[in-house]
Structure formats: structure tokens, C-alpha cells
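Chemist: Attaching a single structure in C-alpha cells format; questions to follow.
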Amino acid sequence: MKNLVAGIDVDGIQTTFALVDEFGKIYAKGSFPTSDHKEFKNYVARIKEEIMALSGMLDIPHDISAIGIGAPNSNYYTGDIENAANLIWKGRLPLAQQLSAMFGNKPVVVTNDANAAAIGEMIYGGAKGMKHFAVVTLGTGLGSGIVVGGNVLYGHDGFAGELGHIKIVKENGRPCGCGRKGCLECYASSKGLRRTAVELLEGKNESTRLKNIPIEELTSKDIAFAAKAGDPVAKKAFEITGEYLGEALANLIALISPEAIFLSGGVANAKELILTPTKRAMEKNVMPLWKGKVKLTLSSLEYENAPILGAAALAIKEIQKKNTTVARRKIF
Ligand SMILES: [Zn+2]
């Protein structure tokens with residue numbers, strides 16, 4: 002009997018799920034539009050249905066031992082999603098509890114996608130064997146999963162590790178979704194990169210292929226594409242993004258002294274374009290004590306599957322934790 006876990010990634014648009022083993026091998030995968038269901042309880046029932054259907058299609062004997070979910074604004078301690086701006090259901094949503102009840106009380110754990118990405122890196126990726134590291138996800142926003150002593154830092158209330166909302170610009174900072182101004186994610190994320198490129202386009206008459214794209218249609222992918230082809234304005238936008246990010250990472254190093262920091266998500270998919278300026282700024286700003294010591298690298302998880310692998314790893318980590326607790330009980 003093969004032991005598998007289900008990994009589920011919830012975002013405002015798609016819900017993606019997969020059956021995965023302890024080595025990160027994906028046995029089956031599927032997705033459906035998150036907003037298909039106006040009622041939250043129907044959404045949870047759909048997740049169960051889809052996972053059962055996926056399981057029914059597998060021709061090897063297997064057991065689903067736990068379920069891990071990466072979801073916005075979700076709280077590892079309570080298992081709830083709390084006031085997620087990007088989801089259609091409002092308030093507190095008891096996702097883990099409802100899904101666990103539907104699966105005969107199997108362990109169901111939730112956390113945000115950046116924490117899931119950190120656990121994914123630890124179980125399947127480049128952070129194997131590391132006890133102190135961080136994963137920074139550069140998507141529409143900026144998320145961070147911080148691992149200290151082998152465990153994700155959840156903090157007092159379950160929401161620790163909001164590197165995206167440290168304030169990095171004091172005067173005339175860009176307005177942030179959190180209601181404040183000048184947060185890191187307004188600068189280092191796909192939205193931030195886009196905004197920086199738009200500002201550069203407004204200020205200069207330099208020849209750039211970005212001028213051929215109507216501003217409202219310009220995406221971070223267009224900027225990456227242009228930068229790869231050597232476009233000076235697009236390259237400059239990545240440079241500026243990397244400067245903000247690198248400076249913030251130098252501060253993060255002073256707080257947690259990590260062995261490594263991994264970049265993942267859409268903007269990180271531009272690879273050296275973002276890695277090089279970020280590294281430069283990080284080394285320039287870090288305390289002498291840590292210069293040249295902290296590895297900054299790209300996530301080694303395959304970009305497309307990283308969110309579901311992170312969620313699956315969350316379930317595996319939970320089983321490992323339970324086994325350790327049981328073993329400890331036997332000793333004492
Ligand atoms: Zn903010």
C-alpha cells in the first residue's frame with residue numbers, strides 16, 4: 002500500500018490539487034475554478050469530490066494519510082482562512098475542520114502559500130537538511146516563509162513572516178493593499194515591478210520596446226521578456242526591484258541569521274535578472290558579520306508545481322511531527 006498525501010493550493014482564481022508521495026512524485030493532478038461555488042461549504046465538498054475522483058483514477062493501491070492546503074490568509078493554528086481579500090467568501094472560514102470531517106477526521110493542515118513553499122523547499126527542494134532559512138515568494142504580492150530551528154515561524158497568532166509588509170519607503174510610498182504605504186511588496190513583486198517600469202516609462206524618452214505595449218496591458222512577463230532581450234528600461238526595472246528586495250533581505254538576515262534564502266514565484270522565474278541585483282544589494286547592505294555567508298538562490302522546485310508540492314510537504318511535515326510526538330511519548 003502506497004502512502005500518499007493530498008496537496009491543495011487555493012488562490013482567488015484556481016484551486017489546484019494533487020496526490021503526492023514523500024519524495025515529491027506527483028501521481029495525479031487536477032484543478033477547478035475557485036469561484037465556481039458561491040457557498041463555502043459547497044466549495045469544501047467539491048474539494049473532497051475532486052480528490053476522491055483523482056484517487057479513484059489511480060491504479061495502484063494507496064492510502065491518503067493527510068491533506069495539506071496552501072491558502073491566502075490561512076492560519077495554521079486554527080485551520081481557518083481569515084478575511085482573505087482575494088476570495089469571494091468573507092470572514093472566518095473553517096477549511097481544515099470541515100474538510101477533515103468530510104474525510105473521516107484525517108489530518109488536514111492549512112497555512113499560507115509562502116509558508117507552504119518554505120516547507121516544500123525543506124522536504125523536496127534545496128533546503129533539505131537546513132534548519133534556518135527563508136523562502137520569499139515574488140508573485141502578485143510578496144510572501145515569506147521563515148524556518149527557524151527546522152520549524153516554520155508562525156508567531157503568536159499564526160501570521161508571522163509578513164516580510165512583504167515591512168515598510169521600506171518612508172516618503173510618498175506606494176499605497177499597499179494592507180491599507181498603509183511604502184510596503185516592500187509594492188516594490189518587490191510582479192505588481193511592484195510593473196509599477197516601477199511604468200514610472201521609468203513616464204520619466205524617460207529612452208528607446209524601449211515597452212513603449213509598444215499600452216501601459217494598462219503591460220505585465221511583469223512582458224518586462225521580463227524585454228529585459229532578456231536586453232531592453233534598457235526593462236533591465237533597469239529589475240535592477241530597482243532587486244535593490245529594494247536585497248536591502249530588505251539584509252535586514253531579514255540580521256533578524257534570523259539564515260543559512261540560505263530562496264526566491265520563488267513569477268518574478269523569480271526571470272532568474273538571473275532578479276537574482277543578480279538582489280544579491281548585490283543584499284551583500285552591500287548586510288552587516289559585515291554576515292557578508293558572503295548567506296546563500297541567495299532560486300527555489301529548486303519546479304515553478305509550475307511548487308504551490309501544490311508545498312501544500313503536500315505541509316501534510317508530510319505534519320505526519321512527521323505526529324510520529325516524533327508518539328516516539329517521544331514512548332521514551333518518557
Ligand atoms: Zn502592506
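Whatever position you read off the sequence shown (first residue = 1), add 1 for our numbering. Every residue gets a Cβ at the ideal spot worked out from N, C-alpha and C, and that includes glycine. Given the structure is predicted, the values throughout are model-derived calculations rather than measurements.
Flag this pair as touching only if the region 304-312 and the region 5-20 have three or more C-beta atom pairs under 8 Å; answer yes or no.
Modeler: Contact holds: three or more Cβ-Cβ distances are below 8 Å.
Chemist: Please decide whether L290 counts as near chain B, where near means a Cβ-Cβ distance under 8 Å.
Modeler: Here there is only one protein chain, and chain B is not present.
Chemist: Is any heavy atom of ligand 1 found at a distance shorter than 7 Å from the C-beta of R181?
Modeler: Result yes, Cβ under 7 Å from ligand 1.
Chemist: So does G178 have its beta carbon nearer than 7 Å to some heavy atom of ligand 1?
Modeler: Flag set: Cβ of G178 near ligand 1.
Chemist: State the Cα-Cα distance for the pair A307 and K280, rounded to the nearest angstrom.
Modeler: For A307 and K280, the distance between alpha carbons rounds to 23 Å.
Chemist: On the DSSP letters alone, give me the boundaries of the beta strand (DSSP E) that F41 sits inside.
Modeler: Run containing F41: none in the beta strand (DSSP E); it sits in the alpha helix (DSSP H), F41 to M58.
Chemist: Counting Cβ pairs, one atom from each stretch, are 3 or more of them under 8 Å apart for the region 111-130 and the region 246-256?
Modeler: Verdict: no, contact absent.
Chemist: Below 8 Å on the Cβ atoms is my guess for I169 versus G180; work out the distance and round it to an integer in Å.
Modeler: Contact doesn't hold; Cβ gap of about 16 Å is too wide.
Chemist: Out of K222, S66, L88 and G162, which one is the CA nearest neighbour of A269?
Modeler: Among K222, S66, L88 and G162, the Cα nearest to that of A269 belongs to K222.
Chemist: Inspect the beta-carbon positions of A67 and K107 and report whether they are closer than 8 Å.
Modeler: Against a cut-off of 8 Å, the Cβ pair of K107 and A67 comes out as a contact.
Chemist: Does the region 260-269 come within contact of the region 292-306, defined as at least 3 CB pairs closer than 8 Å?
Modeler: Because the criterion of three Cβ pairs below 8 Å is met, the region 260-269 and the region 292-306 touch.
Chemist: Is the beta carbon of H38 within less than 7 Å of some heavy atom of ligand 1?
Modeler: Because no heavy atom of ligand 1 lies under 7 Å away, the Cβ of H38 does not count as near it: no.
Chemist: Identify whether Y28 lies in helix, strand or coil by the three-state DSSP scheme.
Modeler: Strand.
Chemist: What first and last residue would you give for the beta strand (DSSP E) that runs through N1?
Modeler: Any property of residue 1 remains undetermined from this structure, which presents the chain solely from 2 to 333.
Chemist: Find the nearest neighbour of T112 within the set A102, M103 and P95, judged by alpha-carbon distance.
Modeler: The shortest Cα separation from T112 among A102, M103 and P95 belongs to P95.
Chemist: Less than 6 Å between C-beta atoms, sequence neighbours within five positions excluded: which residues of the same chain meet that for F134?
Modeler: Once the five neighbours on either side are set aside, the close Cβ partners of F134 are A128, V148, P259, E260 and A261.
Chemist: What's the call for K171, buried or exposed, on a 16-neighbour Cβ count within 10 Å?
Modeler: That one is exposed.
Chemist: Which term fits T35, buried or exposed, when burial requires 16 or more other beta carbons within 10 angstroms of its beta carbon?
Modeler: By the 10 Å Cβ count, T35 comes out buried.
Chemist: Pick from E305, A238 and S32: whose alpha carbon is nearest that of S190?
Modeler: Here the closest residue by C-alpha is A238.
Chemist: Just to confirm my understanding: we take G193, look at its own chain, exclude 5 residues before and 5 after, and list those with CB closer than 7 Å. What are they?
Modeler: So the list reads E186, C187 and T242, once near-sequence residues are dropped.
Chemist: So, are the CB atoms of V6 and G69 less than 8 Å apart?
Modeler: Going by C-beta atoms, V6 is nearer than 8 Å to G69.
Chemist: Comparing alpha-carbon positions, which option in T197, E200, I224 and E203 lies nearest R210?
Modeler: When each option's Cα is compared against that of R210, the closest is I224.
Chemist: Along the chain, where does the beta strand (DSSP E) containing K1 start, and where does it finish?
Modeler: The requested residue 1 does not occur in the structure, where the chain is confined to residues 2 to 333.
Chemist: Have a look at G174 and A230 and give me their C-alpha separation to the nearest angstrom.
Modeler: Computed Cα separation, rounded: 30 Å.
Chemist: Taking just the CA atoms, how far does G165 sit from V110?
Modeler: Roughly 23 Å separates the two Cα atoms.
Chemist: Would you kindly report the start and end of the unbroken beta strand (DSSP E) that includes F18?
Modeler: Run containing F18: Q15 to V21, per the beta strand (DSSP E) assignment.
Chemist: What first and last residue would you give for the alpha helix (DSSP H) that runs through G231?
Modeler: Note, G231: premise wrong, no alpha helix (DSSP H); not H, not E.
Chemist: What does the alpha-carbon distance come out to for the pair D22 and S32?
Modeler: D22 and S32: Cα-Cα distance of roughly 19 Å.
Chemist: Just confirm the distance between the C-beta atoms of L219 and A198, as a whole number of angstroms; I'd bet it's less than 8 Å.
Modeler: L219 to A198, Cβ: 7 Å. Contact.
Chemist: Is the Cβ-Cβ distance between M103 and K26 less than 8 Å?
Modeler: No, these two residues do not count as a Cβ contact at 8 Å.
Chemist: In terms of alpha-carbon separation, which member of E163, D12, K30 and V287 lies closest to M58?
Modeler: Among E163, D12, K30 and V287, the Cα nearest to that of M58 belongs to K30.
Chemist: Please determine, among V234, P176, A249 and K132, the residue with the shortest C-alpha to C-alpha distance to I167.
Modeler: For the residues V234, P176, A249 and K132, the minimum Cα distance to I167 belongs to A249.
Chemist: Which of the three DSSP states, helix, strand or coil, is assigned to K129?
Modeler: It is coil, neither helix nor strand.
Chemist: When every heavy atom of ligand 3 is checked, does at least one fall within less than 7 Å of the C-beta of H166?
Modeler: Ligands in the displayed structure: ligand 1; ligand 3 is not one of them.
Chemist: Apart from the five residues on each side of it in sequence, which residues of its chain come closer than 6 Å, Cβ to Cβ, to K236?
Modeler: Counting only Cβ-Cβ distances below 6 Å, and skipping sequence neighbours, we find A228.
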